[in-house]
Each structure stands twice: as structure tokens, then as C-alpha cells.
Amino acid sequence: MGVKRSIPSSEGFDEAFSNPDIKVSTKHFLLLLKENDLGYARIGVAVRKKDIKLAVQRNKIRRKIKGSFNVNTSKLTASDHVVLVKKNITSDSAVIKKELEELWQKLEKLR
RNA sequence: UGAGCUAACUAGAUAAUCGCUCUUUUUAAGAGAGGAAAGUCCGGGCUCCAUUGGACAAGAUGCCAGGUAACACCUGGGAGACGUGAGUCUACGGAAAGUGCAGCAGAAAAUAAACCGCCUAUUAGUUAGGUAAGGGUGAAAAGGUGCGGUAAAAGCGCACCGCGUAAUUGGUAACAUUUUACGGCAUUGCAAACCCCGUCUGGAGCAAGACCAAAUAGAGGUUCUUUAGUCAGUCCUGGCUGAACCUGGGUAGGUUGCUUGAGUUUUAUGGUGACGUAAAACCUAGAUGAAUGAUUAUCCUAGACAGAACCCGGCUUACCGGUUAGCUCACUCC
RNA sequence: GUCCCCUUCGUCUAGUGGUUAGGACACCUGGUUUUCAUCCAGGCAACAGGAGUUCGACUCUCCUAGGGGACG
Numbered sequence: 005m006g007v008k009r010s011i012p013s014s015e016g017f018d019e020a021f022s023n024p025d026i027k028v029s030t031k032h033f034l035l036l037l038k039e040n041d042l043g044y045a046r047i048g049v050a051v052r053k054k055d056i057k058l059a060v061q062r063n064k065i066r067r068k069i070k071g072s073f074n075v076n077t078s079k080l081t082a083s084d085h086v087v088l089v090k091k092n093i094t095s096d097s098a099v100i101k102k103e104l105e106e107l108w109q110k111l112e113k114l115r
């Protein structure tokens with residue numbers, strides 16, 4: 005391994021926000037995809053402090069998204085993935101897990 | 001048995017698999033969020049700027065003694081308040097330095113005063129004087145009780161109680177107590193109103209700062225030669241300068257600071273205690289779009305509040321429960 | 001992360017420790033009008049929460065909650 009999977013703040017983030025190549029959304033998430041020329045997929049998670057107030061909750065959601073990304077990393081292409089968490093997010097872990105699976109599947113279909 | 005008070009501890013556990021961050025002796029091994037990491041309410045360290053001294057302003061603090069690097073913290077003691085009690089709480093200096101405020105009610109709200117009363121003299125009604133016992137108002141009305149005294153009264157006088165001042169005694173002190181003397185009682189409350197007094201405080205903050213690389217243009221305007229600007233509150237003084245300020249423009253990527261520290265644990269010892277001293281052992285997160293998760297199994301009391309971002313000492317707030325020790329009150333039994 | 005400010009009827013706002021907490025718009029009721037609007041009269045309705053100081057806090061002090069802003 006040893007490959008950095010997270011997107012550094014200096015590059016990528018702003019571009020993914022401003023002009024993404026593909027947008028995929030579910031009930032609670034919005035995925036922005038931007039091609040890169042590094043040869044591997046990268047992940048970035050954006051959670052607003054206003055939407056989820058406790059740091060514990062924010063961290064939990066971030067971890068779940070990253071965990072799910074690592075499981076499904078073989079299916080994904082070489083690009084930057086920015087997952088935006090929407091306002092009405094639930095704390096139910098089963099629902100989140102299901103939706104993330106749905107998200108990756110949708111992305112695969114688009115390809 | 002029930003209801004409490006005080007002090008302290010704990011914050012699910014074990015195993016397996018797949019992943020994340022850091023370190024090292026790198027096909028592995030080790031370590032990996034809290035009692036509050038939180039609020040940012042105080043106090044420090046650390047870094048840069050200023051530093052010749054003083055005045056003013058501003059802010060903080062406030063019973064006494066001690067602890068500490070320091071504090072608005074802690075410990076012990078005093079005083080007051082609350083509680084049957086164990087105990088708990090307290091911004092607890094000064095109101096005869098000065099100013100201010102005390103609505104309404106009430107006669108009168110701070111140099112006391114006289115509405116209803118009471119008493120004396122006088123008169124047709126009344127008027128003049130004495131008085132603060134009683135009534136009523138209010139949060140607050142200028143000692144209380146008894147006896148004497150008087151026209152009626154009053155610390156007017158006396159006794160006791162309370163109060164103030166001074167001395168004595170105990171205590172390091174705050175303060176307390178006994179006795180003595182003096183004072184007829186003497187100036188109400190509010191300083192979280194202004195204020196006075198004592199003590200303390202230079203300013204800004206890791207987005208501080210340091211190094212490397214890249215980029216831009218050493219552009220235009222204004223002001224002043226002993227005045228102007230600046231030196232991060234103001235003034236004086238002092239230092240610096242051909243500069244200072246304004247307008248417009250450019251850049252902000254990486255490394256470092258970054259964890260060995262007023263550190264932790266154990267033992268001994270001094271102290272009522274906070275805490276100090278000595279010795280030995282140990283290294284215990286360091287990320288930067290930001291690391292602790294997922295799945296499975298077993299057990300129980302079924303897991304609350306909640307996530308480090310330079311680091312410590314406090315305070316405050318949030319919190320499912322559980323455990324231990326000492327003490328108090330009530331009831332019952334012996 | 002550091003540092004500031006604010007919170008009063010449904011909304012926008014006044015408010016010197018003693019007020020029945022004032023005003024405008026909105027809402028409700030009645031009147032005027034053939035009806036509606038305008039206009040007139042009346043009504044409803046608030047000090048973010050909790051402690052403390054004070055005889056008495058919207059006001060002074062402390063804590064908490066919520067909202068907003070500055071520094072890139």
C-alpha cells in the first residue's frame with residue numbers, strides 16, 4: 005500500500021466543487037467526481053459543521069464513508085471522489101451503509 | 001431498613017479477520033483521544049515586537065495565614081447565613097474623604113420631624129407652647145425591659161441587657177473572650193452607584209515565529225526639516241528616519257515549530273492540610289480535507305456525556321450508571 | 001484557532017434601578033360604507049434560560065443556551 009488515498013486541500017477540492025465531471029446523488033449524499041492522472045482513486049469527505057454539530061458524529065460519518073470507499077476501491081477508476089453529506093443525515097448506521105452501497109453501484113452503472 | 005452529607009475510584013470486557021496514523025532494528029513489531037479532550041472564564045510557559053524613566057487612564061483583585069511558576073485556584077483558620085444534624089454557602093476592605101440615590105405610601109427618608117394623640121395656658125370657635133409614651137405608613141422611623149421621675153413626657157436619672165471607644169488577656173493574624181474604664185447611645189441602607197484605599201498588570205498571539213523555493217515593479221500621490229511620522233491606550237521625556245503614510249498591485253507552496261514535560265509511577269520523609277524534599281524506574285497520540293472503524297462470537301450491571309490540533313495549572317458546564325470508605329438523622333429489634 | 005457583539009409582543013424597534021414595559025405594522029372585534037379598501041374606537045400579545053446583589057432588576061454581576069460578525 006503506502007499510497008495516499010485522501011485529497012490534499014491545496015489541490016483537487018476546489019476544482020471538484022466548481023466543475024465536476026460526474027454528479028451522483030442519493031437521499032443523504034452527493035458524490036462529485038473529477039478525473040485525475042495519478043493512476044489511483046482518491047477520497048475526500050465534506051461535512052458541514054452547521055448540519056452536524058457534534059464532532060463525534062461528524063467523525064463517525066467520515067469513517068463510515070472512508071471504510072466503504074476502501075472496500076469498493078477495486079471497482080473505481082482513477083479519479084477524485086468528493087462525498088458531500090447532506091443536511092438531513094440520519095444517525096442510523098444500517099441506513100447509511102445501505103445508501104453507500106447504492107452510491108457505488110450507481111456510479112458503476114454510469115460508467 | 002429508609003433518607004441524606006463528605007471524600008475517592010471507574011467510564012464495558014475478551015478473542016479473531018480486514019483496514020487507518022506515527023515510530024523503529026521495515027516481508028514484521030510497538031504505540032494510538034478525555035474526565036471533562038468542551039466552554040474560552042482566569043493564570044502561566046513558549047515565540048515575536050517594544051524596553052530611558054515617569055505621570056495619567058484602563059482593567060483586575062479585596063477577612064487572615066499558608067501553598068504554588070502563577071492565579072479570579074487550592075488548603076487551614078475567623079466571621080456571617082442556612083440546615084434537627086453530618087455539613088454546606090459567602091465579590092467578606094472603606095458609608096464620621098466627598099458626591100449621588102432611596103419611587104409609592106407616610107407627619108417625617110437623614111442638618112430629623114409633629115398628622116391623629118397626650119399635657120399646660122387661654123378662648124365662643126380657637127390660638128400659643130411643651131412632648132415623642134401610644135396609633136398608622138414603609139424594605140428601612142435614631143437602642144430594649146423594668147423602676148423612678150413629670151402637668152404630660154423623654155437616657156431626663158438608675159439597674160440589667162445590647163452597642164461603640166480604649167486598655168488588658170489569648171492567638172503569627174483575621175478575630176475572640178474576661179475584666180476594667182469611659183460614652184447616655186453618637187450620624188439608616190445602597191459601594192455587583194460614582195468613588196477612596198491597598199495590591200497586581202508592557203502588547204500581541206503557533207494563522208506566534210524560523211528556514212527553503214517561487215513571484216512581483218524597487219509604481220504613483222501626499223506631508224515635514226526641528227518639525228513630521230513611528231515605536232500597538234494617552235501625554236511628557238527618550239530613541240529611530242530621508243523617511244513615514246495613503247492608493248493600487250503581487251504572493252501565501254513546502255519543511256519546521258510538534259511533543260522529555262512546572263511529565264508519570266513507586267518508595268521514603270516533613271507538614272493538621274494544600275503541597276514540598278530525596279531516590280529509583282519509565283517514555284505514554286502528534287494528525288494537517290485531518291488517524292481509533294467495520295464484521296463475527298461470548299459474557300454482564302446492556303455501555304451516558306462526548307473526539308487531541310503548541311503545552312501545562314485551575315474554574316465552569318454536560319453526564320447512564322456502578323463501587324469503596326467515613327459520618328449524620330429517623331424508625332424497628334436486641 | 002483567536003477576538004468581539006447581540007437576544008424585548010407574530011415582525012421591526014423604544015426603554016436614566018421604582019412604569020399597568022411605550023410605538024409602528026400585522027391579527028381579532030365593533031362602527032362608518034350598498035360592499036371592499038381607507039378611516040375611527042377597542043382588544044390580544046413580549047423582557048432567551050438559571051442563579052446572585054438590592055427593600056425592589058428589562059436595566060447591575062456571574063453561568064448557560066441560541067444567533068451574528070472580524071482575522072485567511
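Sequential numbering of the first sequence, starting at 5, is according to this note's numbering.
From the three backbone atoms N, C-alpha and C, an ideal C-beta is built for every residue, glycine too.
- Gly48 is classed as buried because its beta carbon has at least 16 other beta carbons within 10 Å across all chains shown.
- For Val60, the enclosing alpha helix (DSSP H) begins and ends at 59-75.
- In this structure, Ile11 keeps its C-beta atom at 8 Å or more from the C-beta atom of Arg66.
- The straight-line gap separating the alpha-carbon atoms of Ala82 and Ser72 is approximately 17 Å.
- In the same chain as Lys90, and ignoring 5 residues on each side of it, the C-beta atoms closer than 7 Å to its own belong to His32, Phe33, Leu34, in chain order.
- As DSSP reads the structure, Glu39 sits in a beta bridge with Ser83.
- Per DSSP, the unbroken beta strand (DSSP E) holding Ser29 starts and ends at 26-29.
- Closest in C-alpha terms to Lys70, from the list Trp108, Thr30, Ser29, comes Trp108.
- Between Lys110 and Val28, the gap from beta carbon to beta carbon is short of 8 Å.
- Closest by C-alpha distance to Leu80, out of Lys64, Gln61, Glu105, is Glu105.
- Leu36 sits away from Leu114, with the two beta carbons spaced by 8 Å or more.
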